[in-house]
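Visitor:
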Amino acid sequence: MNKLLKEQRKPDLPLLFIIVTLLVVGIVMVYSSSYIWSDYKFNDSFYYLKRQLLFAGAGVVAMFFFMVIPYYTWKKYANIILLLCFTLLLLVLIPGIGMVRGGAQSWIGVGAFSIQPSEFMKLGLIIFLAAILSANQKYITSFKKGFLPCILLVFTAFGLIMLQPDLGTGMVLVLTCMIMIFAAGARLTHFFGLAAIGLLGFVGLIASAPYRISRITAFLNPWEDPLGDGFQIIQSLYAIGPGGLMGLGLGNSLQKYFYLPEPQTDFIFAILGEELGFIGGTIIIILFFLLLWRGIKISLEAPDLFGRFLALGIAGMLAVQAMINISVVIGLIPVTGITLPFLSYGGSSLTLTLCSVGILLNISIYSKI
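In terms of the UniProt record's numbering, the sequence shown is numbered consecutively and its last residue is 369.
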């Protein structure tokens, strides 16, 4: 690694600019979307803003901390990191330890705050998978020696997340890992077989939980149950529609007045579209595309396979999560509880996102970009 150390340069400044821009927009939108609900629930219109600033501050410190740690260091501790992530996923399922929010037992309380182990698993599995793929890429075309072990690992993590249940996070994890495995050179025939099995499993997951069936029917025709399962998506569309080209203006959303439930979290993009219009929403989408582009460029120019797979995994995770969240908000796919990276309110999500991009920025230091 001495050669790598000699070739160190500055981190990718365009990527850093994109991250900071999204973070600042997120802080502004968390306040704009939440101050009505925050004042009603906590008698403090700045409640969510203050906590988001705290999360963002801690996340930025963590981002710069991760940015100065050589990325190849994480390969040495990939086993330990994955073991800790699996331990947290098991702990959250134990009654009395795991906390239930929104119908999912996905949180572990730590003092006045709480953490979401599935967020740790997303990054932990990316690091471990990058280490495995970089060390055993020659076996990836073999179903038994390469493809199957990776898939079993991914779906073990997915299964534990589904026990909470948290389909949105599970989907992000699986799709991100599939991108990494495909980039490593896995055979398309193996993916076709997996897709068939996955489709059957997905149908089984939907059939096993009535609320998932309700979400599918609400997606197909939300106006059939406008005050029940279709309520959230209808209110989201009512927010985006009036926004028009330029929006109603920052702070002028009507849907945040107790129409769209807790608009500062999963549906913050709807409030952004209402207040900043088509132009504002398009700029955010373009920023996520640019983030993915810079991440792919960093991946392609990374000096070793571990750095390439790790950069691709992090960039892919953020892009997949943003794509799913925005698709839900505009009614392209059924509702899944998942945050919009950098913008949605949330401690674990924002902090782990910033830690992830800190690693990506470190990889860019060694990349030939």
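We put the beta carbon where it would ideally sit given N, CA and C, even for glycine.
None of these values were measured; they are calculated from a predicted model.
Using only CA atoms, which one of I324, L312 and A322 lies nearest to I359?
Guide: Position 359 of the sequence shown, counting from 1, holds the residue named residue 359. Of the listed residues, the one whose Cα sits closest to I359 is L312.
Visitor: Between A315 and G331, how many whole angstroms is the CB-CB distance? I'm expecting something under 8 Å.
Guide: Here residue 315 is taken as the residue at index 315 of the sequence shown, counted from 1. Here residue 331 is taken as the residue at index 331 of the sequence shown, counted from 1. A315 to G331, Cβ: 26 Å. No contact.
Visitor: From the DSSP output, read off the bridge partner residues of I115.
Guide: Counting from one through the sequence shown, the residue named residue 115 turns up at place 115. According to DSSP, which records beta bridges pairwise, I115 is partnered with I108.
Visitor: Hey, is the segment 172-188 in contact with the segment 116-130, meaning 3+ C-beta pairs nearer than 8 Å?
Guide: Verdict: yes, contact present.
Visitor: At which residue ranges does the segment 263-350 contain complete alpha helix (DSSP H) runs of 4 or more residues, listed in the order of the chain?
Guide: Whole alpha helix (DSSP H) segments, 4+ residues: 268-301 and 305-329.
Visitor: What's the C-alpha gap between L167 and G337?
Guide: Here residue 167 is taken as the residue at index 167 of the sequence shown, counted from 1. Here residue 337 is taken as the residue at index 337 of the sequence shown, counted from 1. Cα to Cα, L167 sits roughly 8 Å from G337.
Visitor: Count the other C-beta atoms from every protein chain shown that fall within 10 angstroms of the C-beta of S364, then say buried if there are 16 or more, exposed otherwise.
Guide: Position 364 of the sequence shown, counted from the start, is the residue given in the question as residue 364. Label assigned to S364: buried.
Visitor: With DSSP collapsed to three states, give me the class of P95.
Guide: Residue mapping note: residue 95 aligns to position 95 of the sequence shown, counting from 1. Looking at P95 - three-state DSSP - the assignment turns out to be strand.
Visitor: Is L361 closer than 8 Å to P11 when the C-beta atoms are compared?
Guide: As a first step, residue 11 is located in the sequence shown; it is residue number 11 there, counting from the start. As a first step, residue 361 is located in the sequence shown; it is residue number 361 there, counting from the start. Against a cut-off of 8 Å, the Cβ pair of L361 and P11 comes out as a contact.
Visitor: Between which residues of its own chain and L160 is the CB-CB distance below 6 Å, once the five residues before and five after are set aside?
Guide: Here the question's residue 160 lines up with position 160 in the sequence shown. Once the five neighbours on either side are set aside, the close Cβ partners of L160 are L89.
Visitor: Tell me the residue span of the alpha helix (DSSP H) that contains Y139.
Guide: For this step, residue 139 is matched to residue 139 along the sequence shown. First-last for Y139: undefined, no H or E at that position.
Visitor: Counting only runs of 4+ residues fully inside the segment 175-210, write out the alpha helix (DSSP H) ranges in chain order.
Guide: The qualifying runs are 188-208.
Visitor: Pick from L248, G244, P263 and A56: whose alpha carbon is nearest that of I233?
Guide: The residue you call residue 233 lines up with position 233 of the sequence shown. That would be P263, whose Cα lies nearest to the Cα of I233.
Visitor: Which whole runs of the alpha helix (DSSP H) in the segment 22-101 are 4 residues long or more, in chain order?
Guide: Those alpha helix (DSSP H) runs which fall completely within the segment 22-101 and span 4+ residues are 47-68, 73-76 and 78-91.
Visitor: Residue range of the alpha helix (DSSP H) that Q235 falls in?
Guide: Your numbering for residue 235 matches position 235 in the sequence shown. Run containing Q235: F231 to G243, per the alpha helix (DSSP H) assignment.
Visitor: Taking the alpha-carbon positions, what's the A184 to V357 distance?
Guide: Residue mapping note: residue 184 aligns to position 184 of the sequence shown, counting from 1. Residue mapping note: residue 357 aligns to position 357 of the sequence shown, counting from 1. For A184 and V357, the distance between alpha carbons rounds to 21 Å.
Visitor: Smallest Cα separation from T189: which of S142, M171, I326 and S349?
Guide: Your numbering for residue 189 matches position 189 in the sequence shown. If we check each option's Cα against that of T189, S142 comes out closest.
Visitor: Buried or exposed: which applies to N79, given that a residue is buried once 16 or more other Cβ atoms fall within 10 Å of its Cβ?
Guide: Residue numbering aside, residue 79 sits at position 79 when the sequence shown is read from its first letter. Exposed: under 16 other Cβ atoms inside 10 Å.
Visitor: Tell me the rounded alpha-carbon separation between G280 and L287.
Guide: Position 280 of the sequence shown, counted from the start, is the residue given in the question as residue 280. Position 287 of the sequence shown, counted from the start, is the residue given in the question as residue 287. Using only the alpha carbons, I get a separation of about 11 Å.
Visitor: Is F269 closer than 8 Å to V329 when the C-beta atoms are compared?
Guide: The residue given as residue 329 occupies position 329 in the sequence shown. The residue given as residue 269 occupies position 269 in the sequence shown. Cβ atoms of V329 and F269: closer than 8 Å.
Visitor: Out of L153, V68, L194 and N325, which one is the CA nearest neighbour of R9?
Guide: Residue numbering aside, residue 9 sits at position 9 when the sequence shown is read from its first letter. Residue V68 is the option with its Cα nearest to R9.
Visitor: Since W37 contacts K256 with CB under 8 Å, what's their CB separation in whole angstroms?
Guide: Locating residue 37 in the sequence shown gives position 37, counting from the first residue. Locating residue 256 in the sequence shown gives position 256, counting from the first residue. Their Cβ separation, rounded to whole angstroms, is 7 Å, which keeps W37 and K256 in contact under 8 Å.
Visitor: Report all residues from its chain with a CB closer than 6 Å to the CB of I140; omit the five preceding and five following residues, and keep chain order.
Guide: Locating residue 140 in the sequence shown gives position 140, where the first residue counts as 1. Around I140: G146, A184, G185 and A186.
Visitor: Ends of the alpha helix (DSSP H) at F147?
Guide: Sequence index remark: in the sequence shown, residue 147 carries index 147 (1-based). That residue, F147, is in no alpha helix (DSSP H); it is neither H nor E in DSSP.
Visitor: What's the C-alpha gap between S114 and A56?
Guide: Along the sequence shown, one-based indexing puts residue 114 at 114. Along the sequence shown, one-based indexing puts residue 56 at 56. The straight-line gap from Cα to Cα measures roughly 15 Å.
Visitor: With distance defined between alpha-carbon atoms, name the residue in Q235, S45 and L300 nearest to Y271.
Guide: Locating residue 271 in the sequence shown gives position 271, counting from the first residue. It should be noted that the sequence gives Ile, not Tyr, for residue 271. When each option's Cα is compared against that of I271, the closest is Q235.
Visitor: Secondary structure at M246, three-state DSSP: helix, strand or coil?
Guide: Residue 246 sits at position 246 when you count from the first residue of the sequence shown. Reduced to three states, the DSSP call for M246 is coil.
Visitor: Looking at the structure shown, is K10 part of a helix, part of a strand, or coil, going by DSSP?
Guide: Counted from its first residue, the sequence shown places residue 10 at position 10. K10 falls in the coil class under three-state DSSP.
Visitor: Write down the C-beta distance between A62 and F306 rounded to the nearest angstrom, noting that I regard them as a contact closer than 8 Å.
Guide: To locate residue 62, count along the sequence shown from 1; it is residue 62. To locate residue 306, count along the sequence shown from 1; it is residue 306. Not quite, the Cβ-Cβ distance comes to about 21 Å (not below 8 Å), so this is no contact.
Visitor: Could you have a look at G124 and say whether DSSP puts it in helix, strand or coil?
Guide: Walking along the sequence shown from the start, residue 124 turns up at place 124. Residue state, collapsed to three classes: helix.
Visitor: Using a 10 Å radius around the Cβ and a threshold of 16 neighbouring Cβ atoms, would you call Y48 buried or exposed?
Guide: Along the sequence shown, one-based indexing puts residue 48 at 48. Flag for Y48 reads buried.
Visitor: Can you tell me whether A157 is buried or exposed? The criterion is at least 16 other CB atoms within 10 Å of its CB, across all chains shown.
Guide: To locate residue 157, count along the sequence shown from 1; it is residue 157. When all chains shown are included, A157 counts as buried.
Visitor: Report the rounded CA-to-CA distance for L352 versus G59, giving the unit in angstroms.
Guide: Sequence index remark: in the sequence shown, residue 352 carries index 352 (1-based). Sequence index remark: in the sequence shown, residue 59 carries index 59 (1-based). Those two C-alpha atoms are separated by around 7 Å.
Visitor: Under the rule that 16 or more other beta-carbon atoms within 10 Å means buried, what is L5, buried or exposed?
Guide: The sequence position of residue 5 within the sequence shown is 5, counting from 1. Per-residue confidence for L5 stands at a pLDDT of 47, beneath the threshold of 50, marking its modelled position as unreliable; the derived number appears in the next sentence. That one is exposed.
Visitor: Using the beta-carbon count (16 or more within 10 Å), is D39 buried or exposed?
Guide: Looking up residue 39 in the sequence shown gives position 39. Classification for D39: exposed.
Visitor: Buried or exposed for N2, please, with buried defined as at least 16 other CB atoms from any protein chain shown within 10 angstroms of its CB.
Guide: Counting from one through the sequence shown, the residue named residue 2 turns up at place 2. Since pLDDT at N2 reaches only 46, below the 50 mark, its modelled position is unreliable, and no value is offered.
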